[in-house]
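Input: a single structure, listed below in structure tokens.
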Amino acid sequence: MRRTLMVTPLVVHAIAGPGAGIASAQEPDVAEVAAAVDNVWLVVAAILVMFMQAGFALVEAGFTRAKNAGNIIMKNVMDFSVGGITYWAFGFALAYGGTSVSGFLSYGDVFFFNDNSRAGEWFFQVVFAATAATIISGAVAGRVKFSSYLIYTPFITGLIYPIVTHWIWGGGWLSSQGFTDFAGSGVVHMLGGSAALAGVIVVGPRIGKYTPSGKPLPIPGHSVTLGALGVFILWFGWYGFNAGSTLTVVGADIATPAVTTTLAACAGSIGAMFTAWLVVGKPDVGYTLNGVLAGLVGITAGADHLSFGAAILVGLVAGIIMVFSVIWLERAGIDDPVGAISVHGAAGLWGVLSVGILGSGSIAIQTFGALAIIAWAFGSSFLVFKVIDITVGMRVSEVEEIDGLDRSEHGGEAYPEFVFQEQVAHRHLLDPVGT
Amino acid sequence: MRRTLMVTPLVVHAIAGPGAGIASAQEPDVAEVAAAVDNVWLVVAAILVMFMQAGFALVEAGFTRAKNAGNIIMKNVMDFSVGGITYWAFGFALAYGGTSVSGFLSYGDVFFFNDNSRAGEWFFQVVFAATAATIISGAVAGRVKFSSYLIYTPFITGLIYPIVTHWIWGGGWLSSQGFTDFAGSGVVHMLGGSAALAGVIVVGPRIGKYTPSGKPLPIPGHSVTLGALGVFILWFGWYGFNAGSTLTVVGADIATPAVTTTLAACAGSIGAMFTAWLVVGKPDVGYTLNGVLAGLVGITAGADHLSFGAAILVGLVAGIIMVFSVIWLERAGIDDPVGAISVHGAAGLWGVLSVGILGSGSIAIQTFGALAIIAWAFGSSFLVFKVIDITVGMRVSEVEEIDGLDRSEHGGEAYPEFVFQEQVAHRHLLDPVGT
Amino acid sequence: MRRTLMVTPLVVHAIAGPGAGIASAQEPDVAEVAAAVDNVWLVVAAILVMFMQAGFALVEAGFTRAKNAGNIIMKNVMDFSVGGITYWAFGFALAYGGTSVSGFLSYGDVFFFNDNSRAGEWFFQVVFAATAATIISGAVAGRVKFSSYLIYTPFITGLIYPIVTHWIWGGGWLSSQGFTDFAGSGVVHMLGGSAALAGVIVVGPRIGKYTPSGKPLPIPGHSVTLGALGVFILWFGWYGFNAGSTLTVVGADIATPAVTTTLAACAGSIGAMFTAWLVVGKPDVGYTLNGVLAGLVGITAGADHLSFGAAILVGLVAGIIMVFSVIWLERAGIDDPVGAISVHGAAGLWGVLSVGILGSGSIAIQTFGALAIIAWAFGSSFLVFKVIDITVGMRVSEVEEIDGLDRSEHGGEAYPEFVFQEQVAHRHLLDPVGT
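Below, the structure written as structure tokens:
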């Protein structure tokens, strides 16, 4: 078995283009080369989207307590691991199986997927499914039983998400209505945000989040740098998500979605930062970083065809909406530690509607489709969470929650060598100003 | 709206290449496929360069104090966010607008950029503009007003950097002189380093950096691991920066710049490590990591055509120069917390000159061009910083600086759960050896 | 020197495909475009593999003590830096030089490599060489002299690894026997794991790892989040490692290895998690993360042709094997702080054999080849480590080890601002429950 590109000088010279050194034994035909380009783009884009898992893990871990960081990592790894196997077994078939059942779901010969000719497509779709799943993880951080979370995961990646994708991207009933969502503001993010809302309602707020009178208290995350790195990784991977959603590149425009994505993210962070500056009095780091994500979520539905000016507007509004959504949800008793419902749900809804307002979609159909996705994602997730809660219980005990999920659920700590504020009994030893 | 590559078996078989499964309705022509390959390369390279923003954020945050980490993140996010919008509004037009004004700047129909046919090009250029801007952020870390920094940012991405790019890459006056800089040792890095020097001179050193007699004191960074990760991310993204600067791939050689980039980075870290070992007595981690970056900065100007042996020499010398530059600047009262002026300015200058010494350029013209870039970048940035300083002030108050910019400027902390050395009042409780 | 894609409207229109805006002066021919696609894939895949260096650095640093984090970073940076220069000088020639000496090693005109036509190939191979080298770094973490490690590094990247690659991928004697290893379960990972075992045997366990009676004690790592990020980065880069090992894309299937890689990683983490749950009683974070890596290592040999179901089986078994290997080695007195021998060695061996059991290989020849690689890698590495140990010494002094390598070897600390548990003399001040 040789694994070298070395060829005889003769052959190299025969095809001596400037990038030569790589030679084929025979002249390839154009269709084969075109298929190769399309494959490279699809696979590279999927690899970028896969890396978003790291971004989600860091955003969720960085913006929550250190005592739950390992648990968050575990949930994120399992979202992809359980999700990948589930999507292989039946998720992909339900979405893109070929034979549609009334436009609601499909089936076909891709149960226990083993069709090498569709491998690139499966790879691109599975990383989207994992993205939808991982949105929920952050919203229910810090109080959910790991084993119960493991039960929920295959439902979102294997059932709830694939069915919605069939509706819109698999040729199902919503696509027949003219509903349009280029890369998934609604199909992926609003779906994830709706499911997250259902989860948060079922499990309730974290201990210490609200005073007895119901006033919300801040529970700051343990590492702004890790959270910020997560946001940068998501931004990076989002180019695969949006520009990759052209699926092909020959005869397609992959640069336009890259530009709209960039501009919306920029505008999202600016919109969120100035809104926070006005509302909470400071250019808050967390809101600004979530503003990047809100801008990205917002542009995802129309990234392919909105004008660059419209992309800036979409991002700006997404950033502003996100800040008010976070504040309003917190006041309403919805404890979403990382703002996932606002970033993915609220900005995702705005993204779906923006295609009706500024783009090629119909505002009525976009609104109707958004409601359908929310109803399905919230309803089915609520049902699953509720059944798990009633049977085995969704929530850890009070003692376990206070102790932290890393110790109680996983038998370890994320940072065993460091000293934490709450470990220091005599707090008067600490100078609060830190000089 | 369908989003699946599924086609009827008939069509798949019709173009049954080994990578099939992806099919086009009709045979594409060669020019279309060639354009697609070029687009994939340009967009992927730009995505890699975009990710360098994460690298800069981590290098700057990791190598400075924990109490300013959130502020550094904010400056980096805003460099790209404000920079992106500015480059969309007028930066791109000033650099590549088409109609040149005496080779100094250009204008054209790309103000408020909305030309989909140039989307790939804009995307590639905007991430370079953001790179130039973010170099300054680290050099002025720990003492600059966030609002004042926000005023400076659009000047570098919208005006100072685009004008220099027009001189060299937009067909302007320096390119007419035969000045050559393949991917931006001078255009991006030396420019950023020169602007950083201007900023540092205007804002002055951090409190505690120098004894009353002017002796420099070390202020170590708070996380070597985050800083190192930043360096690895920059190295990774630099392949987009250098190899991507071929812009096209059909009829171009993208592998040679990847190899020269690799070898120069390797040699840069070795050069810096052994120099530090000799000068400070230990293989210092910070110098070695900055050596990687110095090697990368150095090779950037000649990455396309220098021999591999020459690339090693360029990297080695860049690493050595950087160490002495850091030591010399520190002694001269220039407080650059992360060594940005040395890494980007000094090694960038060496990179520009190396193309005259070892490569295709003229040493006289390279020297002249370098001086022109330094004069412009330093002069214009000094003016902007000085005007901001006189009017609204560049620097935070002494109390705010000691308290840390995260609390004073952004109302939060990067690591609220951890206990810091300076918070422990009774330092005798701590065993300095840490056993 | 122009660096803009701007062309006259006339030319753009002449080739007005949808992705246009990028134009060539003349029509390229199909072979040239095919070479360009292949180049893009090879270079992008190599860039992804290069980024695995960041993953290794974080996995090794995160899963070991904070007092050695900077040292781990240094070893990883030097693995690539020294390795890159060595592979340029002679490593590549020994593997792929063209003229084979009895199938054992090769030589040719690529000493002091300067052949631009093979630049892409060299770039892809050097990042594999660096991967092999960096596996050892984690296994010997916390007690090895930095200068002695620097002596070992060129042996693995310049000699031990290139010779094995010649045997299998360079047309050498093992490939003539029909031994097959698609992307390096054996050639890279088992080789690295075997060398790591040799290193650990020579240097011995860390102080405090075993009680006087030989009972192993846990020494937990200092940052689960950084370790987890490292695993995600490795997963991400592994797509370049496995899918990139097609080397070309025109007439090749890059999507199948991406899918097998995904499924094996998913199954590896699930297999390891449930095994740990049964054996140690909790879904342990470290084992689960190492399960991802074991799954990836396991599938690497057969990623191109195993069925998707077989890929899941390979990953699952790899995850299970890894857990038992870690436990068994620890009991046997082999102190491998990050589990590198189990993840790369044991799962790598399984990967090589799996191609004989489930794939296209012969089980006899795969077994024979595995033994040959282990014998060579372990034997030659043991010899080098032993000679270094006898002459200059492999291990730091007891005082230096307890103090931490960052201070003793590099004159600094990775986290100088944070307070560590062991620094707090009066431990009764700390509430062990952390509430």
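Protein chains in written order, with the working numbering: chain A, -8 to 426; chain B, -8 to 426; chain C, -8 to 426.
Using N, Cα and C, we set each Cβ at its ideal position, and we do this for glycine too.
Keep in mind that this is a model prediction, so the values were computed, not measured.
By the criterion of Cβ-Cβ separation under 7 Å, what are the contact partners of residue i in chain C?
i: A/S72; result: C257, S260 and I261
i: A/G300; result: Going along chain C, no residue has its Cβ under 7 Å from A/G300, so there is no contact; the nearest lies around 19 Å.
i: B/Y230; result: I38
i: A/F114; result: A246, A249, V250 and T253
At the 7 Å Cβ level, is residue i part of the contact set with chain B, yes or no?
i: C/E408; result: yes
i: A/A355; result: no
i: C/N281; result: no
i: A/Q44; result: no
i: C/N107; result: yes
Is the shortest distance between the beta-carbon of residue i and the beta-carbons of chain A less than 7 Å?
i: C/V276; result: yes
i: B/M65; result: yes
i: C/F119; result: no
i: B/V34; result: yes
i: B/P19; result: yes
i: B/F104; result: yes
i: C/V240; result: yes
Can you pull the chain B residues whose beta carbon is under 7 Å from the beta carbon of residue i, in chain order?
i: C/V28; result: V28
i: C/L217; result: T216
i: A/L49; result: Correct list: empty, because the minimum Cβ distance to chain B is about 11 Å.
i: C/M41; result: F227
Using a Cβ-Cβ cut-off of 7 Å, state whether residue i counts as contacting chain C.
i: A/F213; result: According to the sequence provided, residue 213 of chain A is His. The question's Phe does not apply to it. Not an interface residue.
i: A/H401; result: yes
i: B/H4; result: In this prediction, B/H4 scores a pLDDT of 27, lower than 50, which makes its location untrustworthy; the coordinate-derived value is nonetheless stated afterwards. B/H4 does not count as touching chain C.
i: A/G330; result: no
i: A/M313; result: no
i: A/V325; result: Reading the sequence as shown, one finds Ile at residue 325 of chain A and not Val. Not closer than 7 Å to any Cβ of chain C, the Cβ of A/I325 fails to qualify, so no.
i: B/A52; result: no
Of the choices the options, whose alpha-carbon is the least far from that of residue i?
i: B/Q357; options: B/G370, B/G342 and B/S298; result: B/G342
i: B/P209; options: B/G324, B/L85 and B/V415; result: B/G324
i: A/I154; options: A/I365, A/N62 and A/S351; result: A/I365
i: B/F146; options: B/S72, B/V50, B/G88 and B/T77; result: B/T77
i: C/V334; options: C/V101, C/V222 and C/Q116; result: C/V222
i: C/Y87; options: C/T156, C/V73 and C/A255; result: C/T156
i: C/E404; options: B/P274, B/F114 and B/N107; result: B/P274
i: B/N281; options: B/G129, B/G352 and B/V383; result: B/G129
Please list, in chain order, the chain C residues whose beta carbon lies closer than 9 Å to that of residue i.
i: A/W79; result: V250, T253, L254, C257, F299, G300 and I303
Please look up how many angstroms separate the CB atoms of residue i and residue j, rounded, as I've assumed it's under 8 Å.
i: C/I261; j: C/G310; result: 7 Å
i: A/G293; j: A/G350; result: 4 Å
Kindly say whether residue i, judged by its beta-carbon, lies nearer than 7 Å to any beta-carbon of chain D.
i: B/V378; result: The chain inventory of the structure shown lacks chain D, comprising the protein chains A, B and C.
Taking Cβ-Cβ distances shorter than 9 Å, what residues in chain A pair up with residue i?
i: C/Q412; result: P407, E408, F409, V410 and Q414
So with CB distances below 8 Å, who are the chain B contacts of residue i?
i: C/M181; result: Those do not exist, as C/M181 stays about 25 Å from chain B at its closest Cβ, beyond 8 Å.
List, in order along the chain, the chain A residues whose C-beta lies closer than 7 Å to that of residue i?
i: B/G61; result: V215 and V276
Any chance the segment 185 to 199 of chain B sits against the segment 122 to 132 of chain B, with 3 or more Cβ pairs inside 8 Å?
yes
Using 8 Å as the cut-off, can you tell me whether the segment 150 to 168 of chain B makes contact with the segment 216 to 227 of chain B, which would need three or more C-beta pairs spanning the two stretches below that distance?
no
Could you say if the segment 316 to 327 of chain C and the segment 361 to 375 of chain C meet the contact criterion of at least three C-beta pairs nearer than 8 Å?
no
Whether or not the segment 20 to 31 of chain B and the segment 24 to 32 of chain A are in contact is what I'm after, with contact meaning three or more pairs of Cβ atoms, one per stretch, closer than 8 Å; do they touch?
yes
Decide if the segment 232 to 242 of chain A is in contact with the segment 69 to 87 of chain B; the criterion is three or more beta carbon pairs, one per stretch, under 8 Å apart.
no
Touch check for the segment 128 to 141 of chain C and the segment 391 to 408 of chain C: three-plus C-beta pairs under 8 Å?
yes
Counting pairs of Cβ atoms below 8 Å between the segment 399 to 406 of chain C and the segment 56 to 71 of chain C, do you hit three or more?
yes
Using 8 Å as the Cβ pair cut-off and three pairs as the minimum, do the segment 224 to 233 of chain C and the segment 280 to 298 of chain C touch?
yes
Per the contact definition of three or more C-beta pairs closer than 8 Å, is the segment 196 to 205 of chain B in contact with the segment 136 to 149 of chain B?
no
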